[in-house]
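For the sequence shown, my numbering assigns the number 208 to the initial residue and increments by one for each residue that follows. For every residue, glycine included, the Cβ atom is placed at its ideal position computed from N, Cα and C. First up is the structure itself, then whatever we jot down about it.
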Amino acid sequence: MRRGILCAGLVFLAAWFLSGCSAYMRGNAKLSQKQYAGAIADYQEALAQDPDHWQARRQLGYAYIEAGQYDKAVEELTKVLQQRPGDPDATYYLGLAQLKNEQLPKATQTWKTYKNTEKPLVAEAIRRQVTVVEIAESLRLAKQALAEEAKLQATPPKPGTVAVFYFKDLTPDRSLRPLQKALAMMVITDLAQVRSLQVVERLQVQALLSEMELGQTGIVEERTAPRAGRLLGAESLIVGTFEPGSLVVKTSVASSSKQDVVGSFSLKGEEQKFFELEKDIVFNVLKVLRVSPTAEEQKLLGVYQTTNLQAVTYFGQGLDALDQGNWKEARNLFHKAVAEDPRFALARWWRDSCPDAGTPGMGSLGGMTGPALGDVAAGAVAEASSAQGAAGQAEGPGGAGNGGEAGQGSGGVGVGW
């Protein structure tokens, strides 16, 4: 009897509380109870009363995500960022809405702008999810390119587009295998400094090689390079080999449109001075392409990315592990590369961007839908948010944002995490 009276009293008090609250606070209460339709109606009421109430609009965007209305979520969260550029919660939620709405490139572009010094673990989790989504999108595009190869053959590649393939190790003991991908990645990074060139991302190259059943070796021969170039939409293809000798690299530049090699050169150096050889490759490629870097670009290209052979060896091994979906091993190898040379920016970037050990493997990522990828991302960010709290960091009620007290100036009511 007393329990029934108590329950009835609690229901009455809850109803009385909600009736006396602002529409925004009612929306927060309903959102926390997963009553998304009611929360949406309350936030809309709050915005009707005050169109500049950006917190209500941000919460409305999140409620739309939970309700599966991704177009509306994108619309509202975009407006929030117009009012509050850089807001961490709105940035994360917008990327999540875009991802669930199958707008994968837009989602990664949005998440790359995420900044939150108060919650570095959340920021790191989002950075790693950018890589996960980029891998999934690269695999999807590779499958699409092969399915539409006939159509792509009639489409001329864009001038100035360049794809760099891995350098094949032809030495007797294959001792230079770790340098195959490491050297290619370093060349890609340098060429990307030249504004007149559009360099294909390494993940896209790897995804195509996997679909062409070349993923384990990562090798495209001169005769097959034009085909790969057309599939990637690249005009110029750079392929190379490590020849027997101390460190002998033969490099060729092929043209997709001409379907022929337009230039080649051979360079020799000491293995311990691979970094000098890498720069020679870059400048010779630019010479073949008849591209003259600006003075500023020339200065950037003159900086060695690393001079530590062991660091670049670990880095190349890390890329191999990454391409096989061995996330834990890859991150461990990138950590080793950074330990060998803390100034090796490429190794640091991949260490911080490598997917978590629990991320689905390569075989799964290529077939995952946007909503499924969104669920993976949300789970990873939730775990990071919990870890952030356990680490004693400032943990407000606003999810990935800066938090604050619930109410007019807050980051929300703990939506999602």
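If you ignore the 5 residues before and after residue 334, its C-beta comes within less than 7 Å of the C-beta of 559 and 560, all in its own chain and listed in chain order.
For residue 511, the number of other beta carbons within 10 angstroms of its own is below 16, and it is reported as exposed. In this structure, the CA atom of residue 267 is about 7 Å from the CA atom of residue 280. In this structure, the straight-line span from the alpha carbon of residue 395 to that of residue 436 is close to 15 Å.
For residue 495, the enclosing alpha helix (DSSP H) stretches over residues 481-496.
Counting the other CB atoms within 10 Å of its CB gives residue 507 a total below 16, which places it among the exposed residues. Here residue 477 is exposed: its Cβ has fewer than 16 other Cβ atoms, across all protein chains shown, within 10 Å. Between the alpha carbons of residue 346 and residue 306 lies a distance of about 16 Å. The segment 437-449 makes contact with the segment 358-376; the number of CB pairs closer than 8 Å reaches 3 or more. Here residue 356 has 438 as same chain residues with Cβ atoms under 7 Å from its own Cβ, once five neighbours each way along the sequence are excluded. When 263, 251, 292 and 309 are compared, the shortest CA-CA separation from residue 582 is found for 309. Of all alpha-carbon atoms in 231, 258 and 495, the one lying nearest the alpha-carbon of residue 250 is that of 231. If you look at residue 461, you'll find it in the beta strand (DSSP E) that goes 455-462. In this structure residue 440 touches residue 364 by the C-beta definition: roughly 5 Å separates them, less than 8 Å.
Taking 8 Å as the cut-off, the Cβ atoms of residue 252 and residue 271 do not count as close. Judged by DSSP in its simplified three-state form, residue 517 adopts helix. Residue burial annotation: residue 509 is exposed, with fewer than 16 other C-beta atoms found within 10 angstroms of its C-beta.
Closest option to residue 353, judged by alpha-carbon separation, among 577, 500, 418 and 303: 418.
For residue 595, the CB contacts under 7 Å within the same chain, skipping 5 residues up- and downstream, are 326, 328, 329 and 602 in chain order.
According to DSSP, residue pairing for residue 473 in a beta bridge involves 457.
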